[in-house]
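Note that the protein sequences, when read in sequence, are chains H and D.
For the first sequence, numbering that gives the first Met the number 0 gives the first residue as 0, with consecutive numbering after it.
For the second sequence, numbering that gives the first Met the number 0 gives the first residue as 0, with consecutive numbering after it.
C-beta: ideal position from N, C-alpha, C; glycine also.
There are 2 protein chains.
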Amino acid sequence: MRAPLPFATVRPTEDGRALVILDQTRLPEEEVERTLTDREGMAEAIRLLRVRGAPLLGVFAAHALAALATNRVATGETDPTRLRAALDEDVEVLGATRPTAVNLGWALERMRGALDEWSAANPGAAADAVAAALRTVASEIHDQDRRMCEAIGAHALQLLPATDGPVTVLTHCNAGALATGGIGTALSPLYLARAEGRRLRVFADETRPLLQGARLTAWELARAGIDVTVLTDGMAGALLSSIRVDAILVGADRIAANGDVANKIGTYGLAVLARRHGVPFYVLAPTSTLDPDCPTGADIPIEQRREDEVRSGMGRTTVPADAEVWNPAFDVTPAELVTAWVTDEGVRRSWS
Amino acid sequence: MRAPLPFATVRPTEDGRALVILDQTRLPEEEVERTLTDREGMAEAIRLLRVRGAPLLGVFAAHALAALATNRVATGETDPTRLRAALDEDVEVLGATRPTAVNLGWALERMRGALDEWSAANPGAAADAVAAALRTVASEIHDQDRRMCEAIGAHALQLLPATDGPVTVLTHCNAGALATGGIGTALSPLYLARAEGRRLRVFADETRPLLQGARLTAWELARAGIDVTVLTDGMAGALLSSIRVDAILVGADRIAANGDVANKIGTYGLAVLARRHGVPFYVLAPTSTLDPDCPTGADIPIEQRREDEVRSGMGRTTVPADAEVWNPAFDVTPAELVTAWVTDEGVRRSWS
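Here's what the structure looks like:
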């Protein structure tokens, strides 16, 4: 089953020499596509968050290496050795844009490793064959990401109630198509439900300070024709008191060995409200998010981000200079508050 | 006990002919005082939210009527009958600025009623005596508001732990000095504790969509030398998981006959978190907030506010045009989640 999306976060051009991205910094006000032809433009797109989201960064980086090699061949490069040396430079430059983005480094190394394997198996291959091999591996990485999203969605879809009325869902932050090369993680069952013609009503927390829920989740769901309503983070309690919500769907940045979940700040408060109101609380994430080396949530390091995201995140100063700011990026939801964890491998209801 | 504040939200000038207000629309970036001499400027100050907060609007309106009458006498008015007719116009113009602000209308009517009583008791009084009487009543209204704040603070102060380390408190929205003619309601025990030399650490939810916590609570506490840290509304759960918070202090817009509390949106979620973490949850409000005609919280009407507060509240559009917005101004916290209600009359621990 494929749920077609009316937008592409990243795609190579027909000739394979460039990438077209949806510039996420312009959302939700404008839908701007940018064509990236050189390495600096690609590195800048990552640095400026024109592309963002852990899975999407991996997919983007793979396509970027393939496009850069293809362009070199198209502009006259015929020496496979020089092509390989240029690729090393590309890996270095792109990898340095966001050093802590695990998927980015993983995809770059996987491209390089795959090329070395291919070259060993195809000694004396011409430069254009090398570039073609890189395009093939990038496509595989992208397809793998799409399959991961679809698998999470298919498993999670079974958890949504079979109801005549609309299925009502609350979500937080953006673990959607805009963060992946496919239909997203937390939002994937919604795209599949929509493709089946089911009626949906989605509530999206705006997710301060960076407003990924308002800017990105609301944009991609509305763009796909799904009914979406934005509320501020503090309104979730009033929502659960006011109407029946069938499920809360969130992503995860890391899942500890005991099932504790680190996710975007605000997730834990939602889980506490879900328990009080008897609403199922589902965590949807790729298997790669599971961290067996992290015994519990207490062992997950929590990134503290820049104060100005809270002080003046939307262009105007909203916090006085002599007040302090606390800005943790994530919180930890204990496993006991999670109804089920859904990965591409299936649904898990307990962790012991 | 009086806790001096380093700013005044509203005060008459020496000659009584004008009002000086702290322009709250310029906070937290600038501390701008405005001198208001005519009725239009005073009405505009209310309309543009340069003064806001239910108790403060009452105090402001009383001073405004007195200043306008005083100015008329100073510029040659000698006829008490014409002075009384002008006052009626003032009441009408100021009362029309925010028709649903109960304290505003209450103070205007109280001024008019007090003047009529005084005139009946002082037949043939000169115009300057009429103006002086109005100034006296306005001062009484202001003093009454100050006493209400101090009384709430004194009662609530007894609930804070006697600890050597700093007393750590979390609050939401602004029920502070900026909303009253005194030291505030929810924040009043903090000013009293500070005056006693106790160490405080206050966390203030920013309180989306209008950011009263970030803009106003953080400003007034920092201005008074109290250690204050702003966090986004979704961070409260992480805060309670991270450190020991001694108490959560919030105000109330209305308290039903069974103790259910309507307050700024986000309050209910805090109360649910407080229960989970064993943190006392205190509601601090004037006795006038109690509504015996409202049996339970379900009977309290909840104002839905304009979508653009969420869509573009800080100058930039953050919600796509084809997404809906839900913007309730208040939520209801059930009485069972409230540890104690503190009014100017005392501390109440149950409601049955």
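Residue i versus residue j - alpha carbon distance
i          : j          : result
Ala-17(H)  : Thr-36(H)  : 5 Å
Asp-330(H) : Glu-308(H) : 17 Å
Glu-76(H)  : Asp-142(H) : 29 Å
Ala-221(H) : Ala-84(D)  : 57 Å
Ser-240(H) : Pro-333(D) : 11 Å
Ala-203(H) : Ile-247(H) : 10 Å
Leu-336(H) : Ala-270(H) : 6 Å
Gly-312(D) : Gly-258(D) : 32 Å
Ala-119(H) : Ala-113(H) : 10 Å
Val-260(H) : Arg-275(H) : 19 Å
Ala-176(H) : Glu-205(D) : 30 Å
Ala-68(H)  : Arg-33(H)  : 19 Å
Ala-155(H) : Trp-340(H) : 9 Å
Ile-140(H) : Val-92(H)  : 20 Å
Closer than 8 Å at the beta carbon, the chain D residues around residue i
i          : result
Gly-258(H) : Chain D residues near Gly-258(H): none, gap ~16 Å exceeds 8 Å.
Thr-228(H) : Ala-322, Glu-323, Val-324 and Trp-325
Glu-205(H) : Arg-207, Val-309, Thr-317 and Val-318
Leu-210(H) : Thr-317
Ile-140(H) : None at all; the shortest Cβ gap to chain D is about 30 Å.
8 Å Cβ shell around residue i - same chain, five flanking residues per side excluded
i          : result
Met-0(H)   : Here the model assigns Met-0(H) a pLDDT of 47, short of 50, so the residue's position is not dependable, and the following value carries that caveat. Within the same chain, Met-0(H) has close Cβ partners Glu-149, Ala-153, Leu-191 and Ala-194.
Pro-327(D) : Ile-264, Ile-301, Glu-302, Gln-303 and Arg-304
Val-90(D)  : Leu-64, Leu-107, Glu-108, Met-110 and Arg-111
Pro-291(H) : Ala-256
Residue environment, residue i, which counts as buried when at least 16 other CB atoms sit within 10 Å
i          : result
Arg-146(D) : exposed
Pro-11(H)  : buried
Leu-86(D)  : buried
Gln-211(D) : buried
Gln-303(D) : exposed
Ala-320(D) : exposed
Asn-121(H) : exposed
Thr-216(D) : buried
Ser-349(H) : exposed
Asp-163(D) : exposed
Gly-224(H) : exposed
Ala-161(D) : exposed
Glu-116(D) : exposed
Asp-245(D) : buried
Thr-80(D)  : exposed
Ala-297(H) : exposed
Cutoff 7 Å; reference residue i; Cβ partners in own chain excluding five residues on either side
i          : result
Asp-127(H) : Val-72
Asn-102(D) : Ala-53, Pro-54, Leu-56 and Gly-57
Thr-24(H)  : Leu-47, Leu-48 and Arg-49
Gly-94(D)  : Leu-103, Gly-104 and Leu-107
Leu-272(D) : Ala-235, Gly-236 and Leu-239
Ala-100(D) : Ala-53 and Leu-56
Neighbour list for residue i in chain H, Cβ cutoff strictly below 8 Å
i          : result
Ser-240(D) : Tyr-267, Asp-330 and Val-331
Ile-264(D) : Thr-231, Gly-233, Met-234 and Ala-237
Residue from the options whose Cα sits closest to the Cα of residue i
i          : options                                           : result
Gly-250(D) : Leu-4(D), Arg-243(D), Thr-184(D) and Phe-280(D)   : Thr-184(D)
Ala-66(D)  : Gly-94(D), Arg-25(D), Thr-170(D) and Ala-131(D)   : Ala-131(D)
Thr-96(D)  : Ala-261(D), Ser-349(D) and Val-50(D)              : Val-50(D)
Arg-253(D) : Val-309(D), Ile-299(D) and Asp-232(D)             : Ile-299(D)
Arg-214(H) : Thr-317(D), Gly-175(D), Leu-47(D) and Met-110(D)  : Thr-317(D)
Val-31(D)  : Val-19(D), Gly-296(D) and Gly-265(D)              : Val-19(D)
Glu-219(D) : Ala-322(H), Ala-60(H) and Leu-64(H)               : Ala-322(H)
Ala-352(D) : Glu-29(D), Asp-22(D), Glu-28(D) and Leu-26(D)     : Residue numbering for chain D in the displayed model covers 0 to 351; residue 352(D) lies beyond these limits and cannot be assessed.
His-171(H) : Leu-230(H), Thr-34(H) and Ser-138(H)              : Leu-230(H)
Ala-174(H) : Glu-39(H), Glu-28(H), Glu-306(H) and Thr-266(H)   : Thr-266(H)
Val-9(H)   : Ala-61(H), Pro-208(H), Leu-209(H) and Leu-289(H)  : Ala-61(H)
Leu-209(H) : Gly-233(D), Arg-198(D) and Val-278(D)             : Gly-233(D)
Val-324(H) : Val-227(D), Arg-347(D), Arg-200(D) and Ser-187(D) : Val-227(D)
Cut-off 6 Å between Cβ atoms - residues of its own chain near residue i, not counting five sequence neighbours on either side
i          : result
Pro-294(H) : Ala-256
Gly-181(D) : Asp-144, Arg-145 and Cys-148
Amino acids of chain H, ordered along the chain, whose beta-carbon sits closer than 7 Å to that of residue i
i          : result
Pro-327(D) : Met-234 and Ala-237
Leu-177(D) : The premise fails here: Leu-177(D) is roughly 12 Å from chain H at the closest Cβ pair, so nothing lies under 7 Å.
Ala-271(D) : Checking the displayed sequence, the identity of residue 271(D) turns out to be Val instead of Ala. Near Val-271(D) (Cβ distances below 7 Å), the residues of chain H are Gly-236, Val-271, Leu-272 and Arg-275.
Ala-261(D) : Under the 7 Å cutoff, chain H gives no residues; its nearest Cβ is about 11 Å from Ala-261(D).
Ala-213(D) : Thr-317 and Val-318
Contacts that residue i makes with chain A (C-beta to C-beta distance below 9 Å)
i          : result
Ile-254(D) : The chain inventory of the structure shown lacks chain A, comprising the protein chains H and D.
Closer than 7 Å at the beta carbon, the chain D residues around residue i
i          : result
Ala-217(H) : Val-318, Pro-319 and Ala-322
Glu-28(H)  : Thr-316
Residue i CB to nearest heavy atom of the ligand SAM below 6 Å
i         : result
Thr-96(D) : For the structure depicted, the ligand SAM is absent and the ligand set is empty, with no information on it obtainable.
Within chain D, partners of residue i - CB distance below 9 Å
i         : result
Arg-51(H) : The premise fails here: Arg-51(H) is roughly 16 Å from chain D at the closest Cβ pair, so nothing lies under 9 Å.
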